[in-house]
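Asker:
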Amino acid sequence: MGVGFGRIQELFAGERYAAARKRGVEVVRILLRRPMGAIGLATILFFIGMALLAPLLAGPFPTYFPPANIGPPNLPPSSAFPLGTDPSGKNNFALLVYGARVSLIIGFAASGFAMVLGTTIGVAAGYYGRFVDRALSWITNFFLVIPWLPFVLVIASVLGRGFWTTVLAIAIVSWPTTARVVRAKVLSLRTLGYVQRARAIGASDGHIMTRHVLPVLGPLIFANTILTVSNSIFTESFLAFFGLGDTSQPSWGQMIENSWYNLDVLRGAWWAFLPPGICITALVLAFTMVSHVLEEILNPRLRKR
Amino acid sequence: MSATYRTYLLRKVAGLLVTVLLITSLNFFIFQVLPGDPTRILLPRGGGSPTDVINTTRLRDQLVHEWGLDRPVYERFGIYLWNLLHGNWGTTITYKAGNDVWAVILPSLANTLVLTGVGTVVAIYMGIKLGLFAGWRRGKRADETVVLSSLLLYSMPTFWLAIALIFIFAVYLPLLPVGGSVTPIVHDTLDVWGKLADRGIHLVLPLAAFILNEHAIFTLIMRNSLIEELSEDYMTTARAKGLSERQQLRRHAVPNARLPVSTLVALYIGWILSGAIVIEVVFGLNGVGNLTYEAVVNRDYPLLSAIFLVGTLGVIVANAILDVLYSYLDPRVTEA
Chain A
203 MGVGFGRIQE LFAGERYAAA RKRGVEVVRI LLRRPMGAIG LATILFFIGM ALLAPLLAGP
263 FPTYFPPANI GPPNLPPSSA FPLGTDPSGK NNFALLVYGA RVSLIIGFAA SGFAMVLGTT
323 IGVAAGYYGR FVDRALSWIT NFFLVIPWLP FVLVIASVLG RGFWTTVLAI AIVSWPTTAR
383 VVRAKVLSLR TLGYVQRARA IGASDGHIMT RHVLPVLGPL IFANTILTVS NSIFTESFLA
443 FFGLGDTSQP SWGQMIENSW YNLDVLRGAW WAFLPPGICI TALVLAFTMV SHVLEEILNP
503 RLRKR
Chain B
252 MSATYRTYLL RKVAGLLVTV LLITSLNFFI FQVLPGDPTR ILLPRGGGSP TDVINTTRLR
312 DQLVHEWGLD RPVYERFGIY LWNLLHGNWG TTITYKAGND VWAVILPSLA NTLVLTGVGT
372 VVAIYMGIKL GLFAGWRRGK RADETVVLSS LLLYSMPTFW LAIALIFIFA VYLPLLPVGG
432 SVTPIVHDTL DVWGKLADRG IHLVLPLAAF ILNEHAIFTL IMRNSLIEEL SEDYMTTARA
492 KGLSERQQLR RHAVPNARLP VSTLVALYIG WILSGAIVIE VVFGLNGVGN LTYEAVVNRD
552 YPLLSAIFLV GTLGVIVANA ILDVLYSYLD PRVTEA
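If you read the protein sequences in the order shown, they are chains A and B.
When the letters of the first sequence are read in order and numbered with my numbering, they come out as residues 203 to 507.
When the letters of the second sequence are read in order and numbered with my numbering, they come out as residues 252 to 587.
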């Protein structure tokens, strides 16, 4: 590869980057014009900020060795501990702030896996059609109808708890929705003139899929992935509530589980279990709203009357 | 019954059988990942006799042979299928140890069916009504309120919604019981109607949590489906004919808009079951959900595996039945 080729590649990369950025800016502008989109985006940014600035907002992560952010157990809210302390004396507010990191990281990681898997299967099913399509669609539907919670619980209890178990379990139950949406879109793309023309002049399947099919799917996959992020955060909280989450990084779901075991509900200690649930709901809702608006932008049929 | 319909039914049944086989193999092979074998649990550190180690090893080997654990995996899979067909689904090992799994699962099945059955019917009914209400008022304040509240309820983790309801209606305002299927001790002193009422009052909060959480998805689907129908040409015709709003809706839009909802009901059965599981856990109701929780917490793998199989097979069979019913409602499906 000579200097010239690298230069050309760079140029092309720049051009494509500029086009993508323009389209991205356009989508964000439409998103911000809709109240639901603006509120959703603001909420997501709020939680990302919370995750990034956790040490500034809440001090160090609560630990015993060395002791940091620890007080007497089961304290009610005070100025030092705005949301009281948990049964082991950890600062609930700090746990809540650091919990944003867990939810966001697991949400993005799991939906990243689900997106790759779902897109691959969806594109293969839609593009090859016939037998491949029937087999893959059947597998997709199979995974779609399995009750997700028992399935996730079985996977997590067999693999043992941990970060990657959580991510894998969530990804396994989330990819089918992406695969279905992608397959439907590819089926309609396949019949379009430019794809058939590419095939007629002898382009390989791989070339057509990566150069002609995938770029068009971009926005659709993007909207779908955002919905998957919200599903992943939701699912993670269920796993944590069943005591199958990653214990090294306490999440909001685990805070609710701890509080539930500690019978905080009966003691009326709402500060221990209401805030983490509100955070989960807000973040899940924010991602759902953004994907809802994106879907309306991408699917004009829902807009017109 | 036409010939096409018969082939459609045959294909459905064949598909169902293959799915069932796939589920059972999935269930078998997932649990193969677990390290060790059952003898390790049965014979902790030498079978209760620390001095007689050699004998224990022999006992262990004998058990391994007797249970077929030394055979190749495909043979064990065959044995597993054979046992399933003969009603031998496994034995619980830690939770109520030593029972046939069916003896543990069966008593709790009825409770779960009551909760999910009543809950689902109400949730679907509410979803369809609210969806129509919102869809017809597309873009107005009422529509936005319904959509937003549905999205909000849909985003709440079911277990947290249940805990919040307990806090509000059983602790902060002590109106309803905090959990359990019946009031302990008092329940036995009541007459038949009293007992029924006692059970009913214990189901109010679980049902409320279930319905609030599950109706949202049906509301949103119904609304979108109605809006899509309203943009069709035949609705313009209906308006042009001078039909009243009520007639436009009832005769033209609703019957068509309802179809996607009925297919989605089939798809969401698994989802509904998942919601019921957590609600049972939070409210301490004796159902399959609570049993799942016990199996997970106690690491009772045979029980967990059996519950997973029962739940999944139930969902898949229900799905197939709904599919066939749906083809009866909308004959176009069989042609595809």
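Quick reminder that beta carbons are idealized off the backbone N, C-alpha and C, glycines included.
On a predicted model such as this, the values are computed, not experimentally measured, just so you know.
Can you confirm whether B:F469, when its beta carbon is compared against all beta carbons of chain A, has any partner nearer than 9 Å?
Answerer: Stepping through the second sequence from its first residue, residue 469 of chain B is reached at position 218. Not an interface residue.
Asker: Just checking: is the beta-carbon of B:L267 within a distance shorter than 9 Å of some beta-carbon in chain A?
Answerer: Residue mapping note: residue 267 of chain B aligns to position 16 of the second sequence, counting from 1. With 9 Å as the cut-off, B:L267 does not count as an interface residue toward chain A.
Asker: What is the rounded straight-line gap between the Cα of A:P268 and the Cα of A:G291?
Answerer: For the purposes of this step, residue 268 of chain A is identified with residue 66 of the first sequence, where counting begins at 1. For the purposes of this step, residue 291 of chain A is identified with residue 89 of the first sequence, where counting begins at 1. Going from the Cα of A:P268 to the Cα of A:G291 covers about 14 Å.
Asker: In the structure shown, what three-state DSSP assignment does B:A385 receive?
Answerer: As a position in the second sequence, residue 385 of chain B is number 134, starting the count at 1. Reduced to three states, the DSSP call for B:A385 is helix.
Asker: How should B:T470 be labelled, buried or exposed, when 16 other C-beta atoms within 10 angstroms of its C-beta is the threshold for buried?
Answerer: The sequence position of residue 470 of chain B within the second sequence is 219, counting from 1. That one is buried.
Asker: Less than 9 Å between CB atoms is the rule here; does A:G470 satisfy it with respect to chain B?
Answerer: For the purposes of this step, residue 470 of chain A is taken as the residue at position 268 of the first sequence. For A:G470, the answer is yes, since a Cβ of chain B falls inside 9 Å of its Cβ.
Asker: Expressed to the nearest angstrom, what Euclidean distance is found between the alpha-carbon atoms of B:A385 and A:L319?
Answerer: Taking the first residue of the second sequence as position 1, residue 385 of chain B is located at position 134. Taking the first residue of the first sequence as position 1, residue 319 of chain A is located at position 117. Approximately 35 Å, taken between the alpha carbons.
Asker: Give me the residue from B:A254, B:Y544, B:G382 with the minimum Cα distance to A:V354.
Answerer: As a first step, residue 354 of chain A must be located in the first sequence, where it is residue number 152. When each option's Cα is compared against that of A:V354, the closest is B:Y544.
Asker: Skipping 5 residues on each side, what residues in its chain have a beta carbon closer than 6 Å to that of B:V529?
Answerer: Within the second sequence, residue 529 of chain B is the residue found at index 278, counting from 1. Excluding sequence neighbours, B:V529 sits near T409, F410.
Asker: Taking 9 Å as the cut-off, decide whether the C-beta atoms of A:M457 and A:F436 are in contact.
Answerer: Locating residue 457 of chain A in the first sequence gives position 255, where the first residue counts as 1. Locating residue 436 of chain A in the first sequence gives position 234, where the first residue counts as 1. Their beta carbons are not under 9 Å apart, which means A:M457 does not touch A:F436 by this criterion.
Asker: Could you tell me whether the segment 317 to 337 of chain A touches the segment 517 to 529 of chain B, where touching means 3 or more Cβ pairs closer than 8 Å?
Answerer: Short answer: they don't touch.
Asker: For chain B, is any of its Cβ atoms less than 9 Å away from the one on A:W366?
Answerer: Position 164 of the first sequence holds residue 366 of chain A. So no, A:W366 is outside the interface.
Asker: Cα separation between A:T490 and B:L454?
Answerer: Here residue 490 of chain A corresponds to residue number 288 of the first sequence, with the count starting at 1. Here residue 454 of chain B corresponds to residue number 203 of the second sequence, with the count starting at 1. Going by the C-alpha atoms only, they are around 30 Å apart.
Asker: Using DSSP with H/G/I as helix, E/B as strand and the rest coil, what is A:A282?
Answerer: Reading the first sequence from its first residue, position 80 is the one you call residue 282 of chain A. The answer is coil: DSSP assigns A:A282 none of H, G, I, E or B.
Asker: Would you mind working out which of B:A557, B:P511, B:L441, B:L536 sits nearest B:L573, comparing C-alpha positions?
Answerer: Taking the first residue of the second sequence as 1, we reach residue 573 of chain B at position 322. When each option's Cα is compared against that of B:L573, the closest is B:P511.
Asker: Contact between the segment 324 to 343 of chain A and the segment 373 to 382 of chain A: three or more CB pairs below 8 Å?
Answerer: Remark: three or more beta-carbon pairs, one from each stretch, lie closer than 8 Å, so the segment 324 to 343 of chain A and the segment 373 to 382 of chain A are flagged as touching.
Asker: According to DSSP, is B:N639 part of a helix, a strand, or is it coil?
Answerer: With chain B covering only 252 through 587, there is no way to say anything about residue 639 of chain B.
Asker: Nearest chain A C-beta to B:V355 closer than 9 Å, yes or no?
Answerer: Against the second sequence, residue 355 of chain B aligns to sequence position 104. No, B:V355 lies away from the interface with chain A (no Cβ there is under 9 Å from its Cβ).
Asker: Please report how far the alpha carbon of A:G242 lies from the alpha carbon of B:S495, in whole angstroms.
Answerer: Walking along the first sequence from the start, residue 242 of chain A turns up at place 40. Walking along the second sequence from the start, residue 495 of chain B turns up at place 244. Rounded to the nearest angstrom, the two C-alpha atoms are 38 Å apart.
Asker: Residues of chain A with CB under 9 Å from B:V512, in chain order?
Answerer: Numbered from 1 along the second sequence, position 261 holds the residue referred to as residue 512 of chain B. Simply none; closest approach about 16 Å.
Asker: Work out the CA separation of A:I480 and A:G301 for me, nearest whole Å.
Answerer: Mapped onto the first sequence, residue 301 of chain A falls at position 99. Mapped onto the first sequence, residue 480 of chain A falls at position 278. Distance between the alpha carbons of A:G301 and A:I480: 12 Å.
Asker: Please name the residue or residues paired with A:K189 in a DSSP beta bridge.
Answerer: The requested residue 189 of chain A does not occur in the structure, where chain A is confined to residues 203 to 507.
Asker: Can you tell me the Cβ-Cβ gap for A:I357 and B:T563, rounded? I've got them flagged as a contact below 8 Å.
Answerer: Position 155 of the first sequence, counting from 1, holds the residue named residue 357 of chain A. Position 312 of the second sequence, counting from 1, holds the residue named residue 563 of chain B. About 13 Å separates the two Cβ atoms, so there is no contact after all.
Asker: Between which two residues does the alpha helix (DSSP H) containing B:Y331 stretch?
Answerer: On the second sequence, residue 331 of chain B is found 80 positions in, with the first residue counted as 1. It spans 324 to 336 - the alpha helix (DSSP H) in which B:Y331 sits, taken as one unbroken run.
Asker: Identify whether B:D442 lies in helix, strand or coil by the three-state DSSP scheme.
Answerer: Translated into the one-based positions of the second sequence, residue 442 of chain B becomes position 191. Reduced to three states, the DSSP call for B:D442 is coil.
Asker: Can you confirm whether A:T483, when its beta carbon is compared against all beta carbons of chain B, has any partner nearer than 9 Å?
Answerer: Here residue 483 of chain A refers to the residue found at position 281 of the first sequence. Yes - at least one Cβ of chain B is within 9 Å of the one on A:T483.
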